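Data first, discussion second: the structure below is written as structure tokens.
Protein chains: 2
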Amino acid sequence: MASIEDKFRTLGIDNAPGQEVRQNADDVTRLQRGPVMTGTLVDFSHGDVDAFLPTPGSFDEFAEAVAIGGRQAYTEYRGAAAIRAELAADLASFTGAPVQPDLGVIITPGTQGALFLAVAATVGDGDKVAIVQPDYFANRKLVEFFGGKIMPVALDYLGSEEEAGLDLAQLRAAFEAGAKTFLFSNPNNPTGAVYSATEIAAIADLAREFGVTVIADQLYSRLRYENTAYTHMRAAGLPEDQVLTIMGPSKTESLSGYRLGIGFGSPSIIARMEKLQAIVSLRAAGYNQAVLKTWFREPAGWMDERIVQHQAIRDDIVAIFRAEGMATRVPQAGSYVFPTLPELAVSLADFVKLLRIQAQVIVTPGTEFGPHPNSIRLNFSQDRNAAVAAAHRIVQMAKTYKV
Amino acid sequence: MASIEDKFRTLGIDNAPGQEVRQNADDVTRLQRGPVMTGTLVDFSHGDVDAFLPTPGSFDEFAEAVAIGGRQAYTEYRGAAAIRAELAADLASFTGAPVQPDLGVIITPGTQGALFLAVAATVGDGDKVAIVQPDYFANRKLVEFFGGKIMPVALDYLGSEEEAGLDLAQLRAAFEAGAKTFLFSNPNNPTGAVYSATEIAAIADLAREFGVTVIADQLYSRLRYENTAYTHMRAAGLPEDQVLTIMGPSKTESLSGYRLGIGFGSPSIIARMEKLQAIVSLRAAGYNQAVLKTWFREPAGWMDERIVQHQAIRDDIVAIFRAEGMATRVPQAGSYVFPTLPELAVSLADFVKLLRIQAQVIVTPGTEFGPHPNSIRLNFSQDRNAAVAAAHRIVQMAKTYKV
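Chains as they are written, first to last, in this note's numbering: chain A, 1 to 403; chain B, 404 to 806.
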């Protein structure tokens, strides 16, 4: 049994996105090669909501909620009923499978909040959980925090552009070994890979065969390039109660400052999530919930325009890395890119610190996403010119520190 | 080892404040005596933020934060540095002991969020935790969720008006039996009792002797009547790292719709809380954090006026219950009152449901706060006339259902 000390020892956040300001940089200056580079600081650890503004009308909905007062401040723990009803309709339409308004939706403080509650609701001490490598860094930490055991499943994201590259034999082996939960992001974070219809069907078949609960983090599933085909896990024919989907308007819609996430689908998982939310944070901030009224109801053309703008940056950035032979998958969706670095004379942790103090670039090390010491993750939802210049600095730094 | 099913079985929320709407009332109508009463519905499960409006200027700070954009949307997980610095100064001044701005403050999604993180940071599987009875219902649930074992300590809140009534012999016994954490609210929720200087000093002595960490939930410590003397736990001479205090502007200041809480004091506990917040919800909503700039900086006289108004309602309500012989402590602080019911012919759970469907009154059953099947909790931060009329209806109902 893990002691409370052990539990927190594995919960490192020093390299987590946004926490770089708490790092001590002194220890890497002795490794520095060449001069400090000039340029605008670009923080690729998250999107720039000043470059891509929040959804039009979002603040107005918030202001109206404050004016409504108490009814909006104190909602049910799972969120305001009227808002959940609207969401259920929109999410059913988006994903192609029905959503129960009263039993099938919970509003949480961000998608992180939904993920935390979902894992807490399904994973107990000693339970085995299948996790993709690479995948969102919190997946691993959450499972470990609740005493679960990770069964890694590899994603060969550089192998093909038609498939995400999930190793289905490993997934079957994890289920055969007793994993009762499969947790994955689609599009994959950090690579931007989208699972093919064939892959989703194969996951559904295995989950059905072994009675596995699937938690699908689809945070970026609206930001898809060139009409990439997308198959929603929850529409793949598994029983409703076996799939929980997580989404939210924090990324594509730039509403992260409002901290809103949604878990939808499985009524039994959502019932547990609500019980737990009652002691974790009671509810997503009441006034903030009203901002969800803008979600899936953006002005005509707004989302298309946002996709076009992101695609232009994506193409620039991928081209810069590939031109230097840094293997990089073209993300089919989302705003993350996960280029491969050459072999370096310094550790990845030190290289990332050097990028910050020498090249005015903040990125997230690949090691946060699994055993990926040769990659870095960039969120390219940034000012385009600044992002391009910063990507060139990263390439320059990689050349400077190459063995 | 508790299974995931066991873990959630103990996490009931059917009677939790604000969740009454999810109850099925059909089963109590057969118990109903007499006609349905008329009157405005009063929801005593929480304060009415339409009767007591949020702090002046709070919305303006929020609006300004949205205008600032990304810098305010993505703060460190523990909260924006500039806001924490202001809070540290104000909280040090309020509590009479220093607060480290960088290491000694974390901003959380509500005080519930702070409480969750604080318990998660200190209580592991099998750890013993001393908990007061009665006390805030989530304390017990949180400790049980993390596998801790509750060591109850009685509060004789009807025994004296000078002391809160903590049974110090039981507290010592709990510490002797191995409890390493003491978690309590001051003013006590649900009774409004304030711990005397002598009691706080005794708690500090025992905590020092046994090396016990103290988590002090002081959510209502600003709303004190008739200049009630108040001793802050963190100013009682224990080492800084041994005490974590929790406060927030959700109650007295009516800012609950923004979900803001603060943990302050112990740097080591706060470091763990931040690590955990990174996987629970990342941070309190970024824009919302700016609302804290109004905290402890309300317009001159605003807090005094709010106290006077609450005191008037308190006096009315307590008089109504006492006139019927329902033993009730006069709350020295906060806006909760915890009257004792006569012996009833129906269960407390049924009586509370009957209050809702027959008397248009929502209250929280005493059983949520420990083994207190003869009491109900009311949050009297309400419209005064509506609250007085509703209290009369409660008394009438108690007479109707008395054995």
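Positions of the beta carbon are idealized from the N, C-alpha and C atoms, including for glycine.
Here the structure is a predicted model, which means the values were calculated and not measured.
Check: Enumerate in chain order the residues of its own chain whose CB-to-CB distance from M1 (chain A) is below 6 Å, with the five nearest sequence positions on each side excluded.; Outcome: Reliability of the predicted coordinates at M1 (chain A) is poor, the pLDDT of 48 falling under 50, and the value obtained from them is presented with this limitation in mind. If we look at M1 (chain A) and ignore the five residues flanking it on each side, it has no Cβ neighbours.
Check: The stretch 4-15 of chain A: which residues have C-beta closer than 7 Å to a C-beta of chain B, in chain order?; Outcome: I4, K7, F8, L11, I13
Check: Does the pairing of the stretch 274-282 of chain A with the stretch 539-552 of chain B give three or more beta-carbon distances under 8 Å?; Outcome: yes
Check: Check whether the stretch 783-790 of chain B touches the stretch 597-612 of chain B, taking contact to mean three or more Cβ pairs, one atom from each stretch, closer than 8 Å.; Outcome: no
Check: Kindly indicate which three-state DSSP category I416 (chain B) falls into: helix, strand or coil?; Outcome: coil
Check: Run through chain A and tell me which residues come within less than 7 Å of Y661 (chain B), C-beta to C-beta.; Outcome: A285, Y287
Check: For A138 (chain A), which residues in chain B fall below 7 Å Cβ to Cβ?; Outcome: I682
Check: Looking at the secondary structure, which residues open and close the alpha helix (DSSP H) in which M397 (chain A) lies?; Outcome: 384-401
Check: Quick one: give me the first and last residue of the beta strand (DSSP E) that N139 (chain A) is part of.; Outcome: Note, N139 (chain A): premise wrong, no beta strand (DSSP E); alpha helix (DSSP H) at 137-145.
Check: Give, in chain order, every unbroken run of the beta strand (DSSP E) that is at least 3 residues long and sits entirely within the stretch 453-513 of chain B.; Outcome: 508-511
Check: Can you name, in chain order, every residue of its own chain whose Cβ lies under 7 Å from the Cβ of H392 (chain A), other than the five neighbours on each side?; Outcome: I320
Check: Which first and last residues belong to the alpha helix (DSSP H) in which S859 (chain B) is found?; Outcome: This structure cannot speak to residue 859 (chain B), because chain B is shown only from 404 to 806.
Check: Are Q716 (chain B) and F783 (chain B) close, meaning C-beta to C-beta below 8 Å?; Outcome: Residue identity differs from the one stated: residue 716 (chain B) is Ile in this sequence, not Gln. Yes, these two residues count as a Cβ contact at 8 Å.
Check: Rounded to the nearest angstrom, how far is the Cβ of H232 (chain A) from that of T108 (chain A), given a contact under 8 Å?; Outcome: With a Cβ gap of about 19 Å, H232 (chain A) and T108 (chain A) do not count as contacting.
Check: Between L348 (chain A) and G366 (chain A), is the Cβ-Cβ spacing less than 8 Å?; Outcome: yes
Check: Return the Cβ separation of T75 (chain A) and I269 (chain A) in integer angstroms, given the expectation that the two are a contact with Cβ distance under 8 Å.; Outcome: Not quite, the Cβ-Cβ distance comes to about 20 Å (not below 8 Å), so this is no contact.
Check: Beta-carbon separation of L444 (chain B) and Q763 (chain B) under 8 Å?; Outcome: yes
Check: Could you tell me whether the Cβ atoms of A826 (chain B) and Y690 (chain B) are closer together than 8 Å?; Outcome: Limits of chain B in this structure are 404 at one end and 806 at the other, which puts residue 826 (chain B) out of reach.
Check: List the residues of chain A whose Cβ lies closer than 8 Å to the Cβ of E677 (chain B), in chain order.; Outcome: I13
Check: If you follow the beta strand (DSSP E) that V617 (chain B) is part of, which residue opens it and which one closes it?; Outcome: 616-620
Check: Would you identify the three-state DSSP class for L223 (chain A), choosing helix, strand or coil?; Outcome: coil
Check: For the ligand GDP, any of its heavy atoms closer than 7 Å to the Cβ of E565 (chain B)?; Outcome: With respect to the ligand GDP, the structure offers nothing, as it holds no ligand at all.
Check: Considering only residues of the stretch 736-776 of chain B, which uninterrupted alpha helix (DSSP H) runs meet the minimum length of 4 residues and lie entirely inside it, listed in chain order?; Outcome: 751-762
Check: Counting only runs of 3+ residues fully inside the stretch 579-666 of chain B, write out the beta strand (DSSP E) ranges in chain order.; Outcome: 584-588, 616-620, 646-650
Check: What is the DSSP secondary structure of M326 (chain A), reduced to helix, strand or coil?; Outcome: coil
Check: Roughly how many angstroms lie between the CA atoms of D217 (chain A) and T245 (chain A), to the nearest whole one?; Outcome: 6 Å
Check: Determine, using beta carbons only, whether P670 (chain B) comes closer than 8 Å to chain A.; Outcome: no
Check: If you follow the beta strand (DSSP E) that Q536 (chain B) is part of, which residue opens it and which one closes it?; Outcome: 531-536
Check: Taking 8 Å as the cut-off, does the stretch 612-630 of chain B touch the stretch 557-570 of chain B (at least 3 CB pairs, one atom from each stretch)?; Outcome: no
Check: Check whether the Cβ atoms of R84 (chain A) and P101 (chain A) sit closer than 8 Å, and answer yes or no.; Outcome: yes
Check: Going by DSSP, what residues sit across from D43 (chain A) in a beta bridge?; Outcome: A:I362
Check: Since Q100 (chain A) meets chain B, which of its residues come closer than 8 Å, beta carbon to beta carbon?; Outcome: The premise fails here: Q100 (chain A) is roughly 14 Å from chain B at the closest Cβ pair, so nothing lies under 8 Å.
Check: Is D43 (chain A) buried or exposed, if buried means 16 or more other CB atoms sit within 10 Å of its CB?; Outcome: buried
Check: What span of residues does the alpha helix (DSSP H) with Q692 (chain B) cover, start to end?; Outcome: 689-692
Check: Are the Cβ atoms of Q170 (chain A) and T213 (chain A) separated by less than 8 Å?; Outcome: no
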